[in-house]
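Data block below; observations after.
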Amino acid sequence: MKLQWNLLLGLLFAIIIAVFAVFNVDAVPVNYVFGIAQWPLVLVILCSALLGAAVSGLIAMFLSFQSNRRIKELQKEMTSKELTIASQQNEIAELQKYTALPSNQEAINENKIV
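Each residue of the sequence shown is one higher than the one before, counting from 26 in my numbering.
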């Protein structure tokens, strides 16, 4: 549902930009580092919007990639911790079995009494 709302808002935003750009068709000077050019304002607006969308999309992709990589690292760490916990629980169970059995000295003392 969230994806649908994002898509709808993006489409609405694109339509607003397109309508705004169509009403502004006058030529404007665009200052580059190396010179000046006359461009229709509609192209300046649309190019600026597309460039902004491309930059924000690249940043979002980078952050998503970084998050996915961190999630994989944490899952590997969690798996290793779970294995450590399981082995320690097995050791505890073995130690409890060992302490639950009478020791050899106690068994010898019981045999002498009998």
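Just so you know, even glycine gets a beta-carbon here, dropped at the ideal spot from N, CA and C.
Pairwise C-alpha distance: residue j and residue i
| i | j | result |
| --- | --- | --- |
| Asn115 | Lys97 | 27 Å |
| Gln91 | Glu119 | 42 Å |
| Asn84 | Thr109 | It is Ile, not Asn, that sits at residue 84 in the sequence shown. Near 38 Å, if we compare the C-alpha coordinates of Thr109 and Ile84. |
| Glu94 | Ala79 | Sequence check: residue 94 is Arg here, not Glu. The straight-line gap from Cα to Cα measures roughly 22 Å. |
| Pro65 | Asn56 | 13 Å |
Exposure label - residue i; buried when at least 16 CB within 10 Å
| i | result |
| --- | --- |
| Ala125 | exposed |
Member of the options whose CA lies at the smallest distance from the CA of residue i
| i | options | result |
| --- | --- | --- |
| Ala74 | Gln121, Val44, Tyr123 | Val44 |
Under the three-state DSSP convention, the category residue i falls into
| i | result |
| --- | --- |
| Val58 | coil |
| Val141 | The question about residue 141 has no answer, for the chain in this structure spans 26 to 139. |
Residue i: first and last residue of the uninterrupted alpha helix (DSSP H) it sits in
| i | result |
| --- | --- |
| Met86 | 66 to 125 |
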